[in-house]
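Counting from 1 along the sequence shown, just add 202 to a position and that's the residue number in the working numbering.
To start, the structure under review is shown below, and the notes come after it.
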Amino acid sequence: MNTGSASRVVAARVLDEVLHRGRSLKTALSAALPTLPDARDRALVEAIVMTALRQRTRFDAALSAWLAKPLGRRDGDLRALLLVGFAQLELGLPAHAALAATVDAARTMKRTHQAGMVNA
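Listed below in structure tokens is the structure:
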């Protein structure tokens, strides 16, 4: 796993814990950020997570319009990863880089069969 996808995986896991598992943002970030050795990666994770949380309503509406069928209850990590993808675009990261890192993160998260959907 490269550092680009590692930071996206961490961001998705933090979002999943906060949005679907009832963990506080402070607790989730405090546990996750030390796993990334580079301060730039930690800053990116924080920016992605904060943007995804602030824009969640808008991002969820876009997801609902885009997905042919809703994600299941067990797909919290996938939903979080898709929010990570939206947040990167909102932050102005180059689309090709955001997409490549998010697809790579899907594979790292054992969501290989859904990497194509993430790529769409």
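For each residue, glycine too, the CB sits at the ideal point set by N, CA and C.
Distance, residue j Cα to residue i Cα
i	j	result
Ala245	Arg215	15 Å
Arg258	Pro239	28 Å
Pro296	Leu235	23 Å
Thr237	Ser209	9 Å
Glu248	Glu219	14 Å
Gly294	Val211	19 Å
Ala302	Ala213	15 Å
Ala233	Ala241	15 Å
Met252	Leu217	9 Å
Asp243	Lys271	33 Å
Ile250	Val305	16 Å
Ser266	Arg275	14 Å
Trp268	Thr310	23 Å
Residue i - containing alpha helix (DSSP H), residue span
i	result
Gly278	278 to 292
Arg275	Segment: none, Arg275 is in no alpha helix (DSSP H) and carries neither H nor E.
C-beta atoms of residue i and residue j nearer than 8 Å
i	j	result
Ala254	Leu291	no
Val273	Leu283	Looking at the sequence shown, residue 273 is not Val but Leu. Contact flag unset, no.
Ala307	Ser207	yes
His222	Gly287	no
Where residue i falls: helix, strand or coil (DSSP)
i	result
Ala270	coil
Pro296	coil
Gly224	coil
Arg313	coil
Asp243	helix
* Asked: Do the region 229 to 238 and the region 257 to 266 meet, that is, are 3 or more Cβ pairs less than 8 Å apart?
  -> No contact exists between the region 229 to 238 and the region 257 to 266.
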